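Here the structure comes first, spelled out in structure tokens, and everything after it is commentary.
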DNA sequence: GGTTTTTATTCATCGCCGTTGAATATCCGC
DNA sequence: GCGGATATTCAACGGCGATGAATAAAAACC
């Protein structure tokens, strides 16, 4: 009976999906994850709600795909790994700050308030685990690669946390260059191949 | 007509309200803000959902009252600052892990999911700024004290973030001793007095 | 070129959520 | 002992994310 149902004329698939993702991204950036409902996304894309489920499976799926469009699968990290190992810490830190702060960068417009819910945090967790830790460990290689990459990820996560997610005045106030200068020694320490721990450090404290 | 309706016998007000807040607190800590529904709180307190609205106004009101019960401050950081400067990073890291993991420790019961709420985040921000950054900067002294303390706080914030608030498998899986061993080089790098930056590092990247 | 399968879309509905208004039973000041 | 304040349950509302069925176009098949 109804007319609007069924596959529309001449629409080759991906245009609609891309339009949904685009509108969703704009709304997520403006109102955060919670503040964006599938129904408003559907309305913005002039589409039925259920189509979002069809294309993206769930709201989380939509969020993941919509946000990964422009943040480009973090090729920034990959690029940072190439080049002089002596200045690797500086390049990694720049990659992170530019991810947020470059005009086209993925998370530029994300309000701290938009970052607080569990689903968004999960995205960062997966980003850090897969894109950052995995690639750094692969790049380092050797006996302690995982330990060194873990330490590096903790430092990078600290930068993200104290500058963007839950900004401390003293970190957020730094320029990108200041961040590089201030945090590079820590990251360099994290990446350094560990000497077998001296006994003095093991008979540590309490 | 109905039987259970109306004010019950002999109940003077605040017992019920306190019971609700208590159950709510436990559930918020266990499942986070989102993961806790008013209906489960009501069920745990053996009360109708609407009574929560009556006593607390809204879910946020309930959260605020339930969580504001206590906040303990710790002197662990101060103690860590005393002693051999050579092993200061190790002591600082131990102070943080023991804050969470010691049985009586202040944040032991905080589930990661509780991070969602703005008030909880503010507690961590103030903890890092006042308790950690301030004390470390005071203790270090000298020309670059603030920069060095900022870097240290970023590393410590990274530990808190990647281990407790938004746990990455590779960080959360470490023992407290592993954390010390893995992260101490990064923290040591952060605390090192910076040499005036060589030009090679400033003409850095892109 | 007709038939079948796959793809893209809307429609209808489900169960849960937080909130709100009304009903009702007890307590308390007068 | 009566009238308002208080404490509680009941019932419903609108909005959310999800899902299954219906349907129409396109693609694949023979």
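Residue numbers (the numbering used here), protein chains in the order written: chain A, 8 to 213; chain B, 8 to 213. The C-beta atom is built at its ideal place from N, Cα and C for all residues, glycine as well. In this text the structure is predicted, and so the values were computed from the model without any measurement.
* Just tell me which of B:131, B:183, B:16 has its CA closest to the CA of residue 172 (chain B). => Taking only the C-alpha atoms, the option nearest residue 172 (chain B) is B:131.
* CA nearest to the CA of residue 63 (chain A), picked from A:45, A:51, A:50 -> Selected option, being the one with the closest Cα: A:45.
* What whole-angstrom Cβ distance do residue 73 (chain B) and residue 28 (chain B) have, given they're in contact under 8 Å? -> Contact check for residue 73 (chain B) and residue 28 (chain B): beta-carbon distance about 5 Å, within the 8 Å limit, so the pair qualifies.
* Using 10 angstroms around the beta-carbon of residue 85 (chain B), count the other beta-carbons present and answer buried if the total reaches 16, otherwise exposed. => Looking at its Cβ environment, which holds fewer than 16 other Cβ atoms inside 10 Å, residue 85 (chain B) is exposed.
* Put residue 162 (chain A) into one of helix, strand or coil per three-state DSSP. => It is helical.
* Taking buried to mean at least 16 other C-beta atoms within 10 Å of its own C-beta, is residue 200 (chain A) buried or exposed? -> By the neighbour-count criterion, in which 16 or more other beta carbons inside 10 Å mark a residue as buried, residue 200 (chain A) falls on the exposed side.
* **Other residues of its chain near residue 193 (chain B): CB distance less than 6 Å, five sequence neighbours each side excluded** => Counting only Cβ-Cβ distances below 6 Å, and skipping sequence neighbours, we find 162.
* Quick check: the segment 146-153 of chain A against the segment 146-164 of chain B, are there 3 or more CB pairs under 8 Å? -> Contact between the segment 146-153 of chain A and the segment 146-164 of chain B is not established, with fewer than three Cβ pairs separated by less than 8 Å.
* **Supposed close pair residue 168 (chain A), residue 165 (chain B) - CB separation, criterion 8 Å** => Rounded to the nearest angstrom, the Cβ distance from residue 168 (chain A) to residue 165 (chain B) is 6 Å, consistent with a contact under 8 Å.
* To do: Give the straight-line distance between the Cα atoms of residue 57 (chain B) and residue 39 (chain A), rounded to the nearest whole angstrom.
  => Using only the alpha carbons, I get a separation of about 29 Å.
* Span of the alpha helix (DSSP H), counted from its first residue to its last, around residue 37 (chain A) -> Note, residue 37 (chain A): alpha helix (DSSP H), 21-42.
* Asked: Which one of B:51, B:176, B:154, B:101 has the shortest CA to CA distance from residue 190 (chain B)?
  -> Closest option to residue 190 (chain B), Cα to Cα, is B:101.
* Asked: Roughly how many whole angstroms lie between the Cα atoms of residue 89 (chain B) and residue 160 (chain A)?
  -> For the pair residue 89 (chain B) and residue 160 (chain A), the Cα-to-Cα distance works out to about 28 Å.
* In terms of alpha-carbon separation, which member of A:34, A:183, A:48 lies closest to residue 107 (chain A)? -> Of the residues A:34, A:183, A:48, the one whose Cα lies closest to the Cα of residue 107 (chain A) is A:183.
* How about residue 136 (chain A): is its C-beta nearer than 7 Å to some C-beta of chain B? -> Yes - at least one Cβ of chain B is within 7 Å of the one on residue 136 (chain A).
* Asked: If the cut is a Cβ gap below 7 Å, which residues of chain A does residue 132 (chain B) touch?
  -> Those within 7 Å of residue 132 (chain B) in chain A are 173, 175.
* Is the distance from the Cβ of residue 195 (chain B) to the Cβ of residue 96 (chain B) below 7 Å? -> Yes, they are a contact pair.
* Under 7 Å between C-beta atoms, does residue 189 (chain B) make it to chain A? -> Under the Cβ criterion of 7 Å, residue 189 (chain B) is counted among the residues facing chain A.
* Asked: CA-CA distance, residue 65 (chain A) and residue 59 (chain A)?
  -> The alpha-carbon separation between residue 65 (chain A) and residue 59 (chain A) amounts to approximately 7 Å.
* Taking residue 31 (chain A) as the reference, which of A:16, A:14, A:180, A:49 has the closest Cα? -> The shortest Cα separation from residue 31 (chain A) among A:16, A:14, A:180, A:49 belongs to A:49.
* Asked: So residue 51 (chain B) and residue 34 (chain B) are in contact, right, with Cβ under 8 Å, and what is the actual spacing, rounded?
  -> Indeed they touch by this definition, with Cβ atoms about 6 Å apart.
* Inter-residue spacing [alpha-carbon to alpha-carbon] between residue 99 (chain B) and residue 83 (chain A) -> Going from the Cα of residue 99 (chain B) to the Cα of residue 83 (chain A) covers about 32 Å.
* **For residue 14 (chain B), the three-state DSSP class (helix, strand or coil)** => Looking at residue 14 (chain B) - three-state DSSP - the assignment turns out to be coil, as it is neither helix nor strand.
* For residue 198 (chain B) and residue 155 (chain B), the rounded distance between their alpha carbons -> Approximately 5 Å, taken between the alpha carbons.
* Asked: Short check: CB of residue 177 (chain A) to CB of residue 157 (chain B), under 7 Å?
  -> Yes, the pair counts as a contact, with Cβ atoms nearer than the cut-off.
* Simplified DSSP state of residue 9 (chain A), which is helix, strand or coil -> The predicted model places residue 9 (chain A) with a pLDDT of 48, which falls under 50 and marks its position as unreliable; any figure quoted below should be read in that light. Three-state DSSP puts residue 9 (chain A) in coil, outside helix and strand.
* List, in order along the chain, the chain B residues whose C-beta lies closer than 8 Å to that of residue 192 (chain A)? -> Neighbours of residue 192 (chain A) on chain B, chain order: 158, 196, 197, 199, 201.
* Work out the CA separation of residue 54 (chain B) and residue 12 (chain B) for me, nearest whole Å. => Roughly 12 Å separates the two Cα atoms.
* **Exposed unless 16 or more other CB atoms sit within 10 angstroms - verdict on residue 14 (chain B)** => Around the Cβ of residue 14 (chain B), a 10 Å sphere holds fewer than 16 other Cβ atoms; the residue is exposed.
* **Option nearest residue 188 (chain B) by Cα separation, candidates B:128, B:139, B:104** => Looking at the Cα atoms, B:104 is the closest of the given residues.
* Run the CB neighbour count on residue 76 (chain B), radius 10 Å, all protein chains shown included, and call it buried at 16 or more, exposed below. => Unreliable positioning characterises residue 76 (chain B) in this predicted model, as indicated by a pLDDT of 48, which lies under 50. A coordinate reading is not provided.
* Asked: Where does residue 55 (chain B) fall in DSSP's three states?
  -> Under the three-state reduction of DSSP, residue 55 (chain B) is assigned to coil, being neither helix nor strand.
* Can you grab the Cα-Cα spacing for the pair residue 94 (chain A) / residue 128 (chain A), in whole Å? => Each residue's Cα considered, the two are about 29 Å apart.
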